[in-house]
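Numbering (the working numbering), first residue to last: 99 to 258. Here is the structure we will look at.
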């Protein structure tokens with residue numbers, strides 16, 4: 099699998115344009131007109147979104163016209179594999195954090211990364227993950243009094 103640079107440039111330009119369309123469309127609910135007291139709440143976001151959409155689509159078209167036929171590689175199979183080895187555990191961390199809380203998510207993420215990517219002994223990796231989660235709790239919840247996202251384990255242990 100090889101992804102060419104031109105394909106990524108067009109993709110990013112189109113994503114920017116779609117983001118602009120989303121901003122402009124969302125601001126229509128707030129009103130984009132001008133009233134006696136000044137602009138409606140969606141006036142400026144609408145025009146910023148419109149500019150983003152125009153710039154994104156123009157950039158995509160310009161890229162296709164200017165770089166058509168180029169074969170410069172953006173990412174090859176080996177680079178994609180290394181990227182996914184970072185991205186997939188991070189995605190799992192976000193999902194686990196939303197379901198089980200930040201402390202459990204951080205402990206599991208650090209355990210996995212230390213074990214699989216850092217080649218640590220599984221017991222040391224588990225100690226690292228648990229130690230980091232406890233450190234997070236002590237620093238944020240206890241010392242700074244800033245509660246972080248908690249899950250069912252903390253509720254079971256009555257740590258709120």
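C-beta: ideal position from N, C-alpha, C; glycine also.
Item checked: Contact belief for residue 199 with residue 251 at Cβ below 8 Å, rounded distance in angstroms -> 7 Å
Note to self: According to DSSP, residue 249 sits in a beta bridge with which residue or residues?
What the structure shows: DSSP output for residue 249 lists no bridge partner at all.
Check: In the structure shown, what three-state DSSP assignment does residue 133 receive?
Finding: strand
Item checked: residue 173 - containing beta strand (DSSP E), residue span -> 171-173
Next item on the list: Measure from the alpha carbon of residue 231 to the alpha carbon of each residue in 183, 218, 112, 246, then state which is nearest.
Entry: 246
Notebook entry, point to check: Under a Cβ-count criterion, where at least 16 other Cβ atoms within 10 Å of its own Cβ denotes burial, should residue 107 be classed as buried or exposed?
Noted result: buried
Checklist line | Under the three-state DSSP convention, the category residue 199 falls into | finding: strand
Next item on the list: State the DSSP-derived secondary structure class of residue 101, mapped to helix, strand or coil.
Entry: strand
Note to self: Assuming the contact rule is C-beta atoms closer than 8 Å, residue 151 and residue 119 should be a hit. Round their C-beta distance to whole Å, please.
What the structure shows: 5 Å
Margin query: Buried or exposed for residue 223, going by 16 or more other Cβ atoms inside 10 Å?
Written below: buried
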